[in-house]
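The structure appears right after this line, and notes come after that.
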Amino acid sequence: MTRDTLFDPLRKKDVARTPEEEVRQKVIAWLRDVQGFSPSLMESEYGFTYNRLRYRADILVFDRQLQPYMLVECKAPGIRLDAAVVEQVVRYTRVLAVRYVMVTNGSETHLLERRSDGSGYDYLPSMPESLR
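So in our numbering, spot 5 of the sequence shown is number 8, and the numbers just go up one at a time.
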């Protein structure tokens, strides 16, 4: 690893050091070290197709049955987490029916949870101690 790269433990390789990548790697460490998710149940830069277009989720966390559980969108510090950013990520849930959606720029984080009836997502007022 050089100063221009970071090691991504999910992709198992060095990646270019960008502000967004630094946020992504901090979130991966938090998911692993604080939330207790196994790296084997996480994937970064997860590719999928929606309306015949290719997209990539920054981080996708799977449950123990290997079903998508949480989608994380990482933005560079200073990028506003406005409604357009959140809508972008929620649009992904039409393909990846996850329980949680997280959007973060490293200093501001929004967490949404799918309604029990599956009709959409609601903002959580604070970060739960555990996302399990």
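Each residue gets a CB set at the ideal place from its N, CA and C atoms; glycine is no exception.
Same chain, Cβ closer than 8 angstroms to residue i, neighbours up to 5 away in sequence not counted
i: residue 45; result: 13, 31, 34, 35, 62, 63, 64 and 65
i: residue 67; result: 44
Cβ neighbours of residue i in the same chain (closer than 6 angstroms, five flanking residues each side left out)
i: residue 23; result: 77 and 79
i: residue 2; result: The question about residue 2 has no answer here: the residues shown for the chain are numbered 4 through 135.
i: residue 73; result: 64, 101 and 103
i: residue 105; result: 75 and 114
Residue i, buried or exposed, once every other Cβ within 10 Å from all chains shown has been counted against 16
i: residue 28; result: buried
i: residue 56; result: exposed
i: residue 71; result: buried
i: residue 10; result: exposed
i: residue 107; result: buried
7 angstroms Cβ shell around residue i - same chain, five flanking residues per side excluded
i: residue 134; result: 38, 73 and 103
i: residue 140; result: Residue 140 is absent from the structure shown; the chain starts at 4 and stops at 135.
i: residue 18; result: 8, 9, 11 and 24
i: residue 82; result: 108
Residue i, enclosing alpha helix (DSSP H) - first and last residue
i: residue 90; result: 86-95
i: residue 32; result: 22-36
Range of the contiguous beta strand (DSSP E) that encloses residue i
i: residue 51; result: 45-53
i: residue 111; result: Run containing residue 111: none; DSSP gives neither H nor E here.
i: residue 128; result: That residue, residue 128, is in no beta strand (DSSP E); it is neither H nor E in DSSP.
i: residue 19; result: 16-19
**Q.** Any 3 or more C-beta pairs closer than 8 angstroms across the segment 93-106 and the segment 48-60
**A.** Cβ pair count under 8 angstroms is three or more, so yes.
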